[in-house]
Ligand code: NAD
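Numbering (this note's numbering), first residue to last: 12 to 433.
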């Protein structure tokens, strides 16, 4: 199939290379010329585990290319995925401007198309958004929904760091539309990935599946962090507790690891957006507000522990990305931790295998080390924020004061050790 994808970020580009790998012809569209050039030159503009190799393969095989020409990409495809960002507004609600801009561009393009076109919203959008594109596209193109084009919602569940695997082998694919033909075509596209395609009766339902999933996962993390903070005070190992808790099949073993809080581009933003949506209807989402508040405080616990130990002048921060396998630093707990240390007048030496370039834009004046060893060697105190594999080397930390937010140090001999939750 000929597929166009608008937005070449973590979702759009990963989806693009995976569709291309399955033999589709994919045209990726972005407004940023630099990203487009990089992709066409076989370089991934973002870091995601496994992406550089796969991108190189599909560009070389001629199955994927990038362009800034949205109109041409849409005209030359049967199906267009919208994967642009939906960042938070001041009030927490989702900013849908990029979605509407993409929809207007699609409308303009399909004006001159004679065949049926499917428009799929893949970005995370608040309930009702996908439906609201129908009149925009109808008015902009003069075409009729259900006849000349169909609109569907297809939320994305990939996790950064393992995004390629998640896309290639999804637990399920959720699609929602009132248009039968759009659902049929989407099902064809996803058949090579899974048989488990869950068809929702409306796009709104599919939109709500995505928000509910992220809100529940965020709730699990804040729950386990709260239990971890309590366990710490009680002198109980929360990691041992959760291992046994997770064996209950009603609960499951995932997302039960206490740590410095969730970050990334999705959980904080999507929980905020759901709260804002509830507000619109005069509904107070108390549980979700508390989930965010528990999460907001968690990085400060790490700094408080360091203060209790006596802050040292040179402090190494290991891990800047919000999780391993990505260079994404959006809402990473490393940011409030570094801010607090700078307020205290401390010298921060940061290291992350992938996320330093992004972090330099926020903290241009801290020191960046070339390796974990160099960062630790230059510091008297270490705060482990992200659980990259290369930090799981106990011998790195001998003779140092360590705040371990991820429970990665096993042999604590000759380390002045403090776990965040244990
Ligand atoms: P991103 O910010 O990494 O990428 C968005 C891209 O869209 C950027 O490259 C931007 O230049 C481009 N863009 C914006 N407007 C455009 C336009 N009019 N035409 C063409 N390109 C345009 O975002 P992302 O992380 O890929 O997320 C995209 C959406 O998917 C969001 O709604 C997000 O919530 C959702 N989502 C993200 C993840 C994740 O892990 N990152 C997972 C699931 C869902």
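All C-beta atoms in this analysis are idealised placements derived from N, C-alpha and C, irrespective of residue type, glycine included.
Using a Cβ-Cβ cut-off of 7 angstroms (strictly less than) and excluding sequence neighbours within five positions of residue i, which residues of its own chain qualify?
i           : result
residue 47  : 41, 77, 78, 79
residue 69  : 28, 31, 32, 75
residue 348 : 310, 313, 314, 328, 394, 396
residue 136 : 97, 105, 107, 110, 218
residue 271 : 309, 310, 313, 344, 396, 416, 431
residue 178 : 25, 26, 29, 169
residue 482 : Since the displayed the chain opens at 12 and closes at 433, residue 482 lies outside it and no answer follows.
residue 224 : 168
residue 102 : 287
Look up residue i in the DSSP assignment and say whether it is helix, strand or coil.
i           : result
residue 160 : strand
residue 122 : coil
residue 77  : strand
residue 59  : strand
residue 374 : coil
residue 26  : helix
residue 385 : helix
residue 298 : helix
residue 93  : strand
residue 130 : strand
residue 337 : strand
residue 265 : coil
residue 358 : strand
residue 418 : coil
residue 116 : helix
residue 427 : strand
residue 315 : helix
residue 367 : helix
residue 282 : helix
residue 436 : With the chain covering only 12 through 433, there is no way to say anything about residue 436.
residue 327 : strand
Near residue i, what residues of its chain come up, given a Cβ to Cβ distance below 6 angstroms and the 5 sequence neighbours on each side ignored?
i           : result
residue 386 : 327, 360, 362, 380
residue 391 : 323, 325
residue 269 : 235, 236, 239, 249, 432
residue 211 : 187, 217
residue 62  : 55
residue 334 : 172
residue 85  : 15, 91, 117, 120
residue 185 : 166, 209, 217, 220
Hey, residue i and residue j are a contact pair by Cβ (cut 8 angstroms); roughly how many whole angstroms apart?
i           : j           : result
residue 284 : residue 104 : 6 angstroms
residue 94  : residue 26  : 6 angstroms
residue 414 : residue 316 : 5 angstroms
Does ligand 1 have a heavy atom nearer than 7 angstroms to the CB of residue i?
i           : result
residue 94  : yes
residue 199 : no
residue 58  : no
residue 113 : yes
residue 379 : no
residue 305 : no
residue 81  : yes
residue 372 : no
residue 17  : yes
residue 432 : no
residue 354 : no
residue 104 : no
residue 167 : yes
residue 135 : yes
Grab me the residues of residue i's own chain with a C-beta within less than 8 angstroms of its C-beta, minus the 5 sequence neighbours each way, in chain order.
i           : result
residue 147 : 111, 114, 115, 118
residue 367 : 331, 361, 379
residue 405 : 420, 421, 422, 423, 426
residue 45  : 56
residue 200 : 12, 14, 30, 35, 90
Quick one: does the C-beta of residue i sit closer than 7 angstroms to a heavy atom of ligand 2?
i          : result
residue 41 : In the structure shown, ligand 2 is absent; the only ligands present are ligand 1.
Every unbroken alpha helix (DSSP H) inside the region 179 to 252 [4 residues or more]: 191 to 201, 214 to 245
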